[in-house]
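Working notes, beginning with the structure itself.
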């Protein structure tokens, strides 16, 4: 079995994290770097990653997250937030970043810029935010895999009051909305779920081959 | 630099695949296995992965995909489809799978089953499909990362006529809807985009630390 598959089998949805076991800066920075390198549609990166280590804030978030213990117990908490305004200004900012990185002028990228703006113009505000939110989930998938190959537990959570999270973290006034989060750390040796057999449909059940 | 970060920097959005360079069965099966192991909310796996290797079907899909060359040129094409009916039957099927895998009775899992059904009951049909679609994007992120660490190119594509894809692949009558796809293969040595510098916002631009 390859290291990757071994890693994906090793990972599970940790319920109880080891409070005393923290990621080193170098371990955490590698995960952050993987997140930053995640691909997104057009390369737009319509996201911010909120890293919450402050223990008092974690307690507040926990109250807005159905009291889930991992919100306070995991080494790190990353909240994935989407840009609320998927507008021309966001595209212009991205195009400026492309031009700057690749030593081009913004004019050189007019065709690409117009193509992105044209595509966004076909969507409603809600559809744009939902489309951008899907990109956040790519980054979440990257983080989960990056954690697994490094034997670091990543526990995604959707069950929380996003409006309260936005208030607590001040995301509203930054034009952001929280969508999903991940507890990052190390499993406790007495997590009651550690021994549960992984449940996955078989290849025959979820793969359709068109040969 | 770690292998993982090196891999994430190595990957890019390949425009031109090498038509003659195919994944071996063992390479492809590893990626499929990673997809199957992808986590999803509640573990529900509301997805099917359609692996299209038939060249005639690939040509038809290409016509419904704005003629993108990678649809026919990449070694493999994987279409990610979501279950259209995120209903109690889908939950019951999953709970039966949990019971079977873990040697439990369905009755033992009543609390878990009712919790999932209760949560789904708060969503409209559209919201349920969108929520399930987000889970597909976790799997897409896993596939991208799995490809990268194996030096296999994974090119996600959202730009296609999903209704036509559903017709061509017969997904309609299976209760499925195509949502996103990925070309899987190896970059051509003369891909004009191979030398483009990767564009990503800096850590300062996308990470907010709450210490």
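Residue numbers (the working numbering), protein chains in the order written: chain A, 43 to 253; chain B, 43 to 253. Here a beta-carbon is modelled for each residue, glycine too, at the ideal position from N, C-alpha and C.
Annotation: the continuous beta strand (DSSP E) that includes residue 199 of chain A extends over 195 to 199. Within a 10 Å sphere around the beta-carbon of residue 215 of chain B sit fewer than 16 other beta-carbons, which makes this residue exposed. Cβ-Cβ distances below 7 Å link residue 185 of chain A to 73, 76, 77, 196 and 224 in the same chain, with the five nearest sequence neighbours on each side left out; the list follows chain order.
For residue 65 of chain B, no pairing in a beta bridge is given by DSSP. Within the same chain, Cβ atoms closer than 8 Å to the Cβ of residue 102 of chain A are found at 210, the five residues on either side in sequence being excluded. Assignment of residue 128 of chain A by DSSP, reduced to helix, strand and coil, places it in the coil class.
For residue 91 of chain B, the neighbours in chain A by C-beta distance under 8 Å run, in chain order, 248, 249 and 250.
Of the residues assessed, residue 235 of chain B falls on the exposed side of the cut-off, its CB having fewer than 16 other CB atoms within 10 angstroms. Secondary structure of residue 227 of chain B (DSSP, three-state): strand. Within the same chain, Cβ atoms closer than 6 Å to the Cβ of residue 121 of chain A are found at 92, 220 and 223, the five residues on either side in sequence being excluded. When the alpha-carbon of residue 217 of chain A is set against those of A:165, A:249, A:89 and A:159, the nearest one is in A:89. DSSP places residue 207 of chain A within a helical segment (H, G or I) once states are collapsed to three. If only uninterrupted alpha helix (DSSP H) runs of at least 4 residues are considered, those enclosed by the segment 131 to 199 of chain A are 152 to 163 and 167 to 191. Between residue 49 of chain B and residue 190 of chain B, the gap from beta carbon to beta carbon is short of 8 Å.
Identification of chain B residues near residue 154 of chain A by a Cβ-Cβ cut-off of 8 Å yields none; the smallest Cβ-Cβ distance measures about 11 Å. Neighbourhood of residue 183 of chain B in chain A, by CB distance below 9 Å: 80, 81, 179, 180, 181, 182, 183, 184, 185, 186 and 187, in chain order. In this chain, the alpha helix (DSSP H) harbouring residue 99 of chain B covers 97 to 105.
At a C-beta separation below 7 Å, residue 139 of chain A has these neighbours in chain B: 241 and 243. For residue 215 of chain A, there is no enclosing alpha helix (DSSP H), as DSSP marks it with neither H nor E. With 16 or more other CB atoms across the displayed protein chains lying within 10 angstroms of its CB, residue 175 of chain B is buried. By the neighbour-count criterion, in which 16 or more other beta carbons inside 10 Å mark a residue as buried, residue 253 of chain A falls on the exposed side. Residue 133 of chain B and residue 151 of chain B have their C-alpha atoms spaced approximately 11 Å apart. Around the beta carbon of residue 149 of chain B, fewer than 16 other beta carbons lie within 10 angstroms, which makes this residue exposed.
Using a Cβ distance threshold of 8 Å, residue 60 of chain A and residue 228 of chain A count as a contacting pair. For residue 248 of chain A, the enclosing alpha helix (DSSP H) begins and ends at 245 to 248. The beta carbon of residue 227 of chain B does not come within 8 Å of any beta carbon belonging to chain A, so the residue lies off that interface.
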